[in-house]
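Only one structure is covered here, and it is reproduced in the block below.
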Amino acid sequence: MFLTFGDKGSVIISNDGATIMKLLDIVHPTAKILVDIAKSQDSEVGDGTTTVVLLAAEFLKEAKPFVEDGVHSQNLIRSYRTASTLAIEKVKELAVSIEGKSVEEKKGLLAKCAATTLSSKLIGGEKEFFATMVVDAVMAIGDDDRLNLIGIKKVPGGNMRDSFLVDGVAFKKTFSYAGFEQQPKKFLNPKILLLNIELELKSEKENAEIRLSDPSQYQSIVDAEWNIIYDKLDKCVESGAKVVLSRLAIGDLATQYFADRDIFCAGRVAEEDLNRVAAAAGGTVQTSVNNIIPEVLGTCEIFEEKQVGGERFNIFSGCPSGRTATIVLRGGADQVYI
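Read left to right, the sequence shown gives residues 16 to 353 (my numbering).
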């Protein structure tokens, strides 16, 4: 267990080697190399950061007398590489193959591996609970090795066992305008429209230079601006979608418009979350509302907005592709790295 201060003076409690090494203000060149080793280990494997730093430090300690005796550094490096080869061969001999095993047997072996990794973490007391959750998340994405398909959300408060796995996508409720309260918060088998455009009333003077010869023509410009936004909203409704998500803003006019038609909407959705919804629900992110066809719409068994601790979450579960999962972590406070 180690308590340190972040770059802005925030208190951080962690026993994770990579976290501690990243936050330490290190000047010595050799120590910086150890930090880089820890970062590489964390990036490539995600575990064993403390072990790799301790091993590297011990190797340097053992090599020092040989260097002082005049042994060339290349000879030491060659020896370490030979030892590494022998160690890898031994590990391969001890490895247990999961080929030909049933799904339950694979999950059991993977859960044991995950539990071993979690033993040294702050959540070590609940390692079986979290090991099962992690394995279920990995099994959900199948053979796809894109780990960004697994989302991890943190909600301070509650008990660690309040953490749960969503068989699909979950993300925190985004900023919303007036009228959002009247929108439905739950749908069964809804069609989902994913956008990367603004649905907001904006003055077209930002996009064009307009010259008027008669002041009375100004009203026609204003009317055209309203027609543009209403045309976009009408096309969204005509698509049959009951859930509309956009990477960009969905303004107050659009929010109220959708509420009047029993449609849920959320703007400023993070790109990562929007892409995960697309992968899970089977939809395609659109950059225009023209020619929206059924094939670009996604779907899921259940969409709902739920309260999780002090946060509201939009949850898409029972997605047809089944290639995504979201782990929602609870327990402790912001100062504790779960």
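By construction, the Cβ of each residue, glycine as well, lies at the ideal position given by its N, Cα and C atoms.
Remember, predicted model here, so these are calculated numbers, not experimental data.
Alpha-carbon to alpha-carbon, residue j and residue i
i: V304; j: Q197; result: 24 Å
i: A152; j: K142; result: 15 Å
i: A296; j: G313; result: 5 Å
i: G166; j: S58; result: 16 Å
i: A130; j: F145; result: 8 Å
i: S117; j: P335; result: 23 Å
i: F273; j: A293; result: 21 Å
i: I353; j: Q322; result: Annotation note: pLDDT 45 at I353 (below 50); position unreliable, no value reported.
i: N204; j: I35; result: 45 Å
i: D277; j: D177; result: 32 Å
i: S55; j: L70; result: 14 Å
i: N163; j: I156; result: 10 Å
i: V67; j: A53; result: 7 Å
i: Y95; j: G346; result: 43 Å
i: V237; j: L216; result: 11 Å
i: L344; j: F318; result: 20 Å
i: N306; j: A281; result: 21 Å
Counterpart residues of residue i in DSSP-defined beta bridges
i: A281; result: L260
i: R345; result: V170
i: K206; result: T314
i: Q301; result: L210
i: R327; result: Q322
i: K201; result: E319
i: I113; result: In the DSSP output, where bridge partners are listed per residue, I113 has none listed.
i: A340; result: I165
For residue i, three-class secondary structure by DSSP
i: F81; result: helix
i: I404; result: Not covered by the structure: residue 404. The range shown for the chain is 16 to 353.
i: G313; result: strand
i: G183; result: strand
i: L214; result: strand
i: I35; result: helix
i: A46; result: helix
i: S55; result: helix
i: I265; result: strand
i: S134; result: coil
i: G333; result: coil
i: Y245; result: helix
i: K142; result: helix
i: I353; result: Interpretation of I353 is limited by its pLDDT of 45, a score under 50 that renders its predicted location unreliable; the figure taken from the coordinates is listed afterwards. Note: I353 maps to coil in three-state DSSP.
Given 8 Å, three or more beta-carbon pairs between the region 281–293 and the region 258–272: yes
The region 175–190 in contact with the region 248–257 per 3-pair CB rule at 8 Å: no
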